[in-house]
Amino acid sequence: MAVLGIWAAAVLLLETVSAASLGVVYTEGGMVTGKSISLGLFRRMDVFKGIPFAGIPGRFEKPQRHPGWDGILKATEYRNRCLQLNLLMNDVRGNEDCLYLNIWVPHGSKVSTNLPVMVWIYGGAFLLGGSMGANFLDNYLYSGQEIADRGNVIVVTFGYRVGTLGFLSTGDSSLPGNYGLWDQHAAIAWVHRNIRSFGGDPDNITVFGESAGGASVSLQTLSPHNKGLFKRAISQSGVALCPWAINKNPRKFAEEVAVKVGCPTDASMGACLKMTDPVHLTKAGVLNLTASPDSPLVYNLVLSPVVDGDFLPDEPHNLFHNTAAIDYLAGVNDMDGHIFTGFDVASVNSHLVDTPTEDVKRLLAALTKDKGTLGSENAYSTYTYEWGSKPSREAVKKTVPFTFMLPMPREQLAVFRGQDGKAYVLDAYCPHLGANLAVGGRIVGNCVECPFHGWQFRGDDGKCEKIPYADKVPEIAKVRRWPSCEVNQQILVWFHCDGAEPQWSVPEKQEITNGQWVYRGRSEHFISAHIEDLSENAADASHLGQLHGAGFTSGSDPLHYNSQTWDCVQHDWKSQWEPESEPNSHCSRMLINHSLTVFGHHFSLLDMQVEARQVGPGLVFLQIDDRFFGRGVILQCVTPVEPLLQRVSHTVYYQSNVPALVPKFFLKVESIQFERDIMIWNNKKYISQPLLVKEDAAIQKHRRWYGQFYSQNSPRLQLHRDSMDF
């Protein structure tokens, strides 16, 4: 009986510990309860969807505090988007009753307290968007679950008015505008007042957003109304100084809208617009989307914030004194805004037609017209310096930063493109006084110039070519040059612990080079694991059925898909791994036969054979060649960041005539399956002498093959190839 009592107590304790949840939460508007979901052993998350942070907004008025509710509000479903045009701008969606927010709160064995808070502002050109984002197989783009769980932070998303109802302005007190910005402010203020009840720290709030959301974040930092409401801000692909972030002549478009809905354009225009049906107002907000290099599309995004004298009391560049107490991070997402450039310069999206350099110059001039001729010339010089005298078609079509940081094993590197068009990779730190060449350095010919004292280092050998204030350059003045190659639209760096030069070349996919296959997306993951574990998966056929048999619709959490009583989609895998012979002994191949059953029925049309070819320890070419889905490749690149931390990217290139949805779907499915492996890798250890059965023979063969990439006699590592236990 005593033993039984101990077991019962243990079970009760486990159940109690794993059931951490906020339950009913008291807010300024009333009591609210959400949904508690399991994330694994001792990990749960409370999810609240649809909590009102303001009342139903009056038309063209600032939001007001919500009057509250009786009883307990069940916040378990997303609420309406704000009224807006659809993507084709031929109909409307949403509702005026839209000022709601969603909260994700992670817990361990105990209910969380004092967690950092991240508040998301979505983009959409100030015309479109919602707090939940797009829906893909019941997976919402702006679900905060992943960030909340991985970062152990509270994530908040919210809705705000967009389009005509959010940003129409007459330029005076009649319709001052910025209603969407006021909604954002109201949501941030609500979070600051109430988040402690959800286990958050009101003094540690970060506001972050992308595109128009990034510009909104920047504008929120500038408004005096937000003083003290948040601590940090992150803008992705948009800031207050962007040419499209502020509408300098709002009345012109307001008059166009007034005419469309039958209102006068005199002093009574504002009053008439306030009384107009909201659907009619929204439909009247259709924009002119014609564009040219001299008239960029972003200048037609006229439903945007304005300097109203209240939320924004002055031009943005005069308000940065308001941001002194805020930590601010700004950056650019890859390919963000490419859709707009495609309107401005149509040839950018064609692989068969050259883009005239004059078009690029005209576009940059138009985008920087408020900076004058000198500003335009500086912008053009900065963005095109690496082109050389005869730029290639590819160089003109894509804008690439001339220097950037690339992590390698305990190394910081400077990567730049010289005047000759070649990419060079050097150690990042200047041997003089340690300045970082990749941060603030500039390109001079085929050299990178140190931003601190102007020392210039050649890209081809790393030697210092010039010290502007010295009579002679010391012979030993140089930085390390890293062997690199540019192939398949990637810059790859060769690393050898003994400093040996490259011993093989990276295969070039001609279909990528000649433009038959085009870029269709990229994913990136950081994995806390031994680098060999990632490669060894190819030879481990036994794990496929256990880890990857459940359908992709079941997600990446095994605790979820293994507990399902029925899964409508099932994968069946058969694979074979073999190393290649000389002269390609550094390569291996994995042949995968995949079949799919849906509701128990096998669909032979969906059967696929995929070949995964590994080149060296870190590159994999996942070749797709299917009569139904077409041809393409997913490139996997493993970059060691530090011992037991790998950065893995997957980049997909696909036939240009196949709809982009197909390769993007493959990338999505691949990411779901890959994240199942990551869950294992992040929580396992590397065993140099594993216990294997005869069915695991391929694993032993793989380890013998992979051993060639370890150095047994390295003077720097002094490690045996079979004991790389960092």
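Converting from the sequence shown to this note's numbering requires adding 863 to each position, the first position being numbered 1. Glycine included, every Cβ here is placed at the ideal spot set by N, Cα and C.
The alpha carbon of residue 1440 has as its nearest neighbour, out of 1562, 1556 and 1527, the alpha carbon of 1562. If you draw a 10 Å sphere on the C-beta of residue 1290, you find 16 or more other C-beta atoms in it, and that means buried.
Residue burial annotation: residue 1567 is exposed, with fewer than 16 other C-beta atoms found within 10 angstroms of its C-beta. Between the alpha carbons of residue 929 and residue 1082 lies a gap of roughly 24 Å. In this structure, residue 979 sits near residue 1064, with a CB-CB distance shorter than 8 Å. In the assembly as shown, residue 1558 is an exposed residue. Its beta-carbon has fewer than 16 other beta-carbons within 10 Å. Under the three-pair Cβ rule at 8 Å, the segment 1518 to 1526 does not count as touching the segment 1350 to 1368. Within a 10 Å sphere around the beta-carbon of residue 1364 sit fewer than 16 other beta-carbons, which makes this residue exposed. Around the beta carbon of residue 1055, 16 or more other beta carbons sit within 10 angstroms, so the residue counts as buried.
In terms of Cβ geometry, residue 947 and residue 1026 form a close pair [threshold 8 Å]. In this structure, the beta-carbon distance from residue 1135 to residue 1141 does not fall below 8 Å.
Note on geometry: alpha-carbon atoms of residue 1071 and residue 915 lie some 20 Å from one another. Per DSSP, residue 1127 lies in no alpha helix (DSSP H) segment and is marked neither H nor E. In the DSSP annotation of this structure, the continuous segment of the beta strand (DSSP E) that includes residue 983 starts and ends at 978 to 984. Counted as a single uninterrupted DSSP element, the stretch harbouring residue 1101 is not any beta strand (DSSP E), since DSSP gives it neither H nor E.
In this chain, the alpha helix (DSSP H) harbouring residue 1012 covers 1008 to 1014. When secondary structure is reduced to three states using DSSP, residue 1440 falls in the strand class.
Ranked by Cα distance from residue 938, the first of 995, 1482, 1191 and 898 is 898. A residue is called buried when at least 16 other Cβ atoms come within 10 angstroms of its Cβ; residue 1066 does not meet this threshold and is exposed. Burial state of residue 1497 is buried, judged by a 10 Å Cβ sphere holding 16 or more other Cβ atoms.
Residue 1490 counts as exposed, since fewer than 16 other C-beta atoms from the protein chains shown sit within 10 angstroms of its C-beta. Of the other Cβ atoms in all chains shown, 16 or more fall within 10 Å of the Cβ of residue 912; this residue is therefore buried. Counting other Cβ atoms within 10 Å of its Cβ, residue 1387 stays below 16 and is therefore classed as exposed.
DSSP lists 1354 as the bridge partner or partners of residue 1349.
Secondary structure note for residue 1380: its beta strand (DSSP E) is the uninterrupted segment 1380 to 1390.
Nearest neighbour of residue 1189 by Cα position, chosen from 1095, 1379 and 1353, turns out to be 1095. Between residue 1397 and residue 1511, the gap from beta carbon to beta carbon is short of 8 Å.
Non-local C-beta neighbours of residue 1079 in its own chain, meaning closer than 7 Å and more than five positions away in sequence, comprise 984, 1044, 1047 and 1072, ordered along the chain. Secondary structure of residue 1082 (DSSP, three-state): helix. Pairing residue 967 with residue 921 gives a Cβ-Cβ distance that is not under 8 Å. In this structure, the straight-line span from the alpha carbon of residue 944 to that of residue 991 is close to 9 Å. By the beta-carbon neighbour count (other beta carbons within 10 angstroms, threshold 16), residue 1288 is buried. Beta-bridge partners of residue 1020 (DSSP): 965 and 983. In the three-state DSSP reduction, residue 1285 falls in the coil class, being neither helix nor strand. Setting aside the 5 residues that flank it on each side, residue 1286 is surrounded in the same chain by 1280, 1349 and 1354, each with a C-beta closer than 6 Å to its C-beta; the list follows chain order.
Beyond the five residues adjoining it in sequence on each side, residue 1208 comes within less than 8 Å, by CB distance, of 1156, 1218, 1222, 1223 and 1226 in the same chain, given in chain order.
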